[in-house]
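J.: Protein chains in written order, with the UniProt record's numbering: chain A, 1 to 227; chain B, 1 to 495. So that we are looking at the same thing, I have put the structure below in structure tokens.
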Amino acid sequence: MNALLQQLQNRQLIWHANQTEAPYEHCQSTGFPALDQLLGGGWPQHNVVELQSHGACAELQLISKALGQSGSDLLQVWINPPAALCAEYLLQQKRPLHQVLQLNAPRSADALWAAELCLKSGSCTDVLLWQNNLNLTQLKRLQLAAAQGQSQLYFFRPAMAEQQLLPWALSLQLTPVTTGLQIRILKRKGGWQQQEVVLPWAELYPQFIKPELQQKQYSKPPLSRVS
Amino acid sequence: MSAQMEFWLYLYFPQLQLDKLLVLHSSTPATKTLSDKGKSHHLDLTAPLAIVGADHQLLQLNSAARQAGLTLGMGLASAASLCHQLQLVPHQAEQEQQQLQQLAQLLYQYCADIALQPNCGLVLKLSPMLALYGGAMQFWQQLQQVLQQTGYQYHFATAQQPLVARLLAQQGWDQFLLQNEQIQQQLKVLPLQQAQLPDKLQEQLQRLGLTQLGDVLKIPQAELVRRFGAGMLHYLQQLTGAKPALLQFVQPAEHFEQQLELLYEMERSDQLLGPLQYLFGLLQLYLQQRDQLAYQLELCLQQRQEQQQQLQLHSAQGEYQSKEWLKLCELQMERLKLKKPVIQLKLILRRAGPRYAQYKTLFAGKQQLYSALQLLSLLQARLGKDQVTSPCLHNDLLPEQASSYAAALEPQAAIAGTLATVRPAFLVDPPLVLDAEQQQQLQLYYGPERLSSGWWQQQSQHRDYYVGQNAQGQWLWLFRDLQQPEQLYLQGYFS
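Here's what the structure looks like:
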């Protein structure tokens, strides 16, 4: 029996509950207690986080607190955002505009190169990248670069059918539902999969959704005439 | 060695052109391609090779040619009969002059007074430099080291008068002495043929039976001048230092512009990196000597059929090191398509500034590989300058006018006023028209917020803004123009 166990162990076929991969060392709070609890503390730091969504469903709102907490004397880089950035929004987030860089890289190789360079440069805190595909080697390179430059990459990807399973530190799928945003963990280093939480819209967009107002939704805008 | 006395060092470079060929060919394979246009690239430098002057005399010989029995000054016909596989390269006086100029610039770092001399010579005023270096030998060692690095052959001599130093150096005396007696003794035994007297004078003196310079110097000066005229007086004054020599000292170049002719036509841009490294090396030296940083360079690629392509290289932070510039250049080269093969490179410094110490945060705890400005330069070099921008805010009421893009990382003037609370992350410009079906599916949550552009503007607009969610659950920023209140427009996405 022992010999057999030994043999199996040598071939690394036995899973030890006490040797699970340690979850990430440092976490940064997301600002949403429910989400923090789901993620075991918050966003993993100096790593790559994937956010899958159809867009325009509060995905930036989720990370806005983390972005706000990183030092404002370093750069924030947006690579291939889906539309033009609104300067007033950035100022609302207390981000000096000259510390924000937007890169347009039509070729995905250029975009990945730029992301890696920015991550490892040490003069950026956060890099936001919109891209469709990524393979294992590319992910590993980005993770190494993020660790080297102590910076964070948020990888935004359109929600599609299950893709190749990549060793993300954290991968979330965001789906809007009527009550709020459904957040499902696709992959989390050192954690259990298939957990989800729904963040109510009022918590995500407190500036324009007041809970008491949510009762009386109106579908047609009240018409007003030019006097 | 007294401090009051002037001492001069003369450096004579007998074979600048040949040495340059040898240096370039012996260095890395990449720089092997550097040489003069027109010369075929299959020159074999181990086989006999000679540089030939315009009058068909051999001016410079490599060691193989010397072994074959050739001597300097030999005519082409006799040389060819002695060694029929002799390779010939035409002498290029202009190029040698350029090299000499470069050498002078190089030595300028070590010696303040340098003058170019005809016939590949440099004369350096030693006496003011000795105090700085704490002795003649230290100074000389420093110079020797620099000269050795260039790879050029040279002869040298010192004397109290530039002319004496020249005579001895060209004779190949190669002594660094600051004892006048020994120098004078050597001068006395100098054959008259090498005294560089005007031809007529030399002939006259030889007819008198004088063979060495010492014989001439024994005769009282007044006698000589009376017999041989003003030419002799001028010569003697230079020889004895009675009249100070008229020299024009080298000034450091104020403008960096170097060109390099390629040995053969290069068709691929990555081939150019080797020669470019050489040019950037010269640039680095130039910048180091002036304690400057270069911000903008222009690289001209001269091509066949009088065509040329130009590259603008920028560095936001300013660099002086050749390897940094090479990295930036490499990124641009990757995108560059050569229209025609390149035959010549030219590098011009367009903008430079003084070098300041760069301050970095001590306690931020971040290891910086590149500073923000260095990063910007790298990104701009690969992606193109207009693909790297920073957002900026204009003082305007309409959102699509207020947000735009400006040059990257440049601080912008603050705009007074309070910030609106509801603004989306992304803007759609120009606003999209929503059709009836899309409007039907919308759920509006917030609004209206009225924005009116100024009445002083051509087309003043009045808009009511709403926040809505569409059927896919996306959060949109919408507006209605009050002039056509039935129509909704999409202005932005909340994200």
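Backbone N, C-alpha and C define an ideal beta-carbon position, used for all residues, glycine too.
Can you tell me which residues form a DSSP beta bridge with residue 264(B)?
T.: Its beta-bridge partners do not exist; DSSP assigns none.
J.: For residue 467(B), return the contacting residues in chain A, with the cut-off set at a CB-CB distance below 7 angstroms.
T.: Residues of chain A passing the Cβ test: 208.
J.: With a cut-off of 8 angstroms, does the C-beta of residue 410(B) fall near any C-beta of chain A?
T.: It does; some Cβ of chain A falls within 8 angstroms.
J.: Which bits of chain A does residue 492(B) rub up against, with CB to CB less than 8 angstroms?
T.: Per Cβ cutoff of 8 angstroms: 83, 86.
J.: For residue 456(B), does the count of other Cβ atoms within 10 angstroms reach 16, so buried, or fall short, so exposed?
T.: Answer is exposed; the Cβ neighbour count stays below 16.
J.: Could you give the distance in angstroms between the alpha-carbon of residue 281(B) and the alpha-carbon of residue 322(B)?
T.: In a straight line, the C-alpha of residue 281(B) is about 5 angstroms away from that of residue 322(B).
J.: What residues from the region 389 to 401 of chain B come within 9 angstroms of chain A, judged by C-beta to C-beta, listed N to C?
T.: So the list reads 389, 390, 391, 392, 393, 394, 399, 400, given in the order they occur along the chain.
J.: Does the beta carbon of residue 92(A) come closer than 8 angstroms to any beta carbon on chain B?
T.: So, interface residue.
J.: Compute the distance between the beta-carbons of residue 293(B) and residue 287(B), then report whether it is under 8 angstroms.
T.: In this structure, residue 287(B) lies closer than 8 angstroms to residue 293(B) by Cβ.
J.: Please list the partners that residue 120(A) has in chain B, where partner means a Cβ-to-Cβ separation under 8 angstroms.
T.: Residues of chain B passing the Cβ test: 369.
J.: Got a sec: is the Cβ-Cβ distance from residue 487(B) to anything in chain A below 8 angstroms?
T.: It does not: the Cβ of residue 487(B) has no partner Cβ on chain A nearer than 8 angstroms.
J.: Listing by chain order, which chain A residues have their CB less than 7 angstroms from the CB of residue 496(B)?
T.: This structure does not reach residue 496(B), given that chain B is present from 1 up to 495, and the question cannot be answered.
J.: Since I believe residue 82(B) is in contact with residue 69(B) (beta carbons under 8 angstroms), could you give me their beta-carbon distance rounded to a whole number of angstroms?
T.: So it is a contact: roughly 5 angstroms between Cβ atoms.
J.: Short of 8 angstroms Cβ to Cβ, which residues in the region 48 to 61 of chain A face chain B?
T.: Those would be 54, 55, 56, 57, 58, 59, 60, 61, in chain order.
J.: With DSSP collapsed to three states, give me the class of residue 65(A).
T.: In this structure, residue 65(A) counts as helix in the three-state DSSP scheme.
J.: Going by DSSP in three states, residue 29(A) sits in which element: helix, strand or coil?
T.: The answer is coil: DSSP assigns residue 29(A) none of H, G, I, E or B.
J.: Would you call the CB atoms of residue 211(B) and residue 198(B) closer than 8 angstroms?
T.: No, the Cβ-Cβ distance between residue 211(B) and residue 198(B) is not below 8 angstroms.
J.: Can you name the residues of chain B whose CB is closer than 8 angstroms to the CB of residue 114(A)?
T.: Residues of chain B passing the Cβ test: 379, 382, 383.
J.: Count the other C-beta atoms from every protein chain shown that fall within 10 angstroms of the C-beta of residue 88(A), then say buried if there are 16 or more, exposed otherwise.
T.: The residue in question, residue 88(A), is buried, as its Cβ has 16 or more Cβ neighbours within 10 Å.
J.: Of the choices 271(B), 440(B), 478(B), 234(B), whose alpha-carbon is the least far from that of residue 423(B)?
T.: Among 271(B), 440(B), 478(B), 234(B), the Cα nearest to that of residue 423(B) belongs to 478(B).
J.: List the residues of chain A whose Cβ lies closer than 7 angstroms to the Cβ of residue 429(B), in chain order.
T.: What residue 429(B) touches in chain A: 84.
J.: Please list, in chain order, the chain A residues whose beta carbon lies closer than 9 angstroms to that of residue 476(B).
T.: Chain A residues near residue 476(B): 56.
J.: Nearest-angstrom Cα distance between residue 397(B) and residue 289(B)?
T.: So the alpha carbons of these two residues sit roughly 53 angstroms apart.
J.: Whose C-beta lies closer than 7 angstroms to the C-beta of residue 441(B) among residues of the same chain, with five residues either side of it excluded?
T.: Counting only Cβ-Cβ distances below 7 angstroms, and skipping sequence neighbours, we find 470, 471.
J.: Mind checking residue 463(B): buried by the 16 CB within 10 Å criterion, or exposed?
T.: Its Cβ being crowded by 16 or more others within 10 Å, residue 463(B) is buried.
J.: Tell me the DSSP secondary structure of residue 164(B) in three-state form.
T.: Reduced to three states, the DSSP call for residue 164(B) is helix.
J.: Sort 90(B), 413(B), 171(B), 179(B) by Cα distance to residue 196(B) and report the nearest one.
T.: Closest by alpha carbon: 171(B).
J.: In chain A, which residues lie less than 8 angstroms from residue 375(B) when you measure between Cβ atoms?
T.: Per Cβ cutoff of 8 angstroms: 75, 117, 118, 121, 123, 124.
J.: Would you mind working out which of 241(B), 301(B), 349(B), 250(B) sits nearest residue 103(B), comparing C-alpha positions?
T.: Among 241(B), 301(B), 349(B), 250(B), the Cα nearest to that of residue 103(B) belongs to 250(B).
J.: What does DSSP give as the partner residues of residue 159(B) in its beta bridges?
T.: Note: residue 159(B) sits in a beta bridge opposite 8(B).
J.: Express the C-alpha separation of residue 247(B) and residue 84(B) in angstroms, rounding to a whole number.
T.: Rounded to whole angstroms, residue 84(B) to residue 247(B) spans 44 angstroms at the Cα level.
J.: Return the CA-CA distance between residue 304(B) and residue 350(B), expressed in angstroms with no decimal places.
T.: So the two alpha carbons sit approximately 25 angstroms from each other.
J.: Given a threshold of 16 other Cβ atoms within 10 Å of its Cβ, counted over all protein chains shown, does residue 171(A) qualify as buried or as exposed?
T.: Residue 171(A) is buried by the Cβ-count criterion.
J.: What residues from chain B crowd round residue 197(A), counting only those whose CB sits closer than 9 angstroms?
T.: Those do not exist, as residue 197(A) stays about 16 angstroms from chain B at its closest Cβ, beyond 9 angstroms.
J.: Give every residue of the same chain whose Cβ lies closer than 6 angstroms to the Cβ of residue 152(A), excluding the five residues on either side of it in the sequence, and list them in chain order.
T.: Contacts found: 126.
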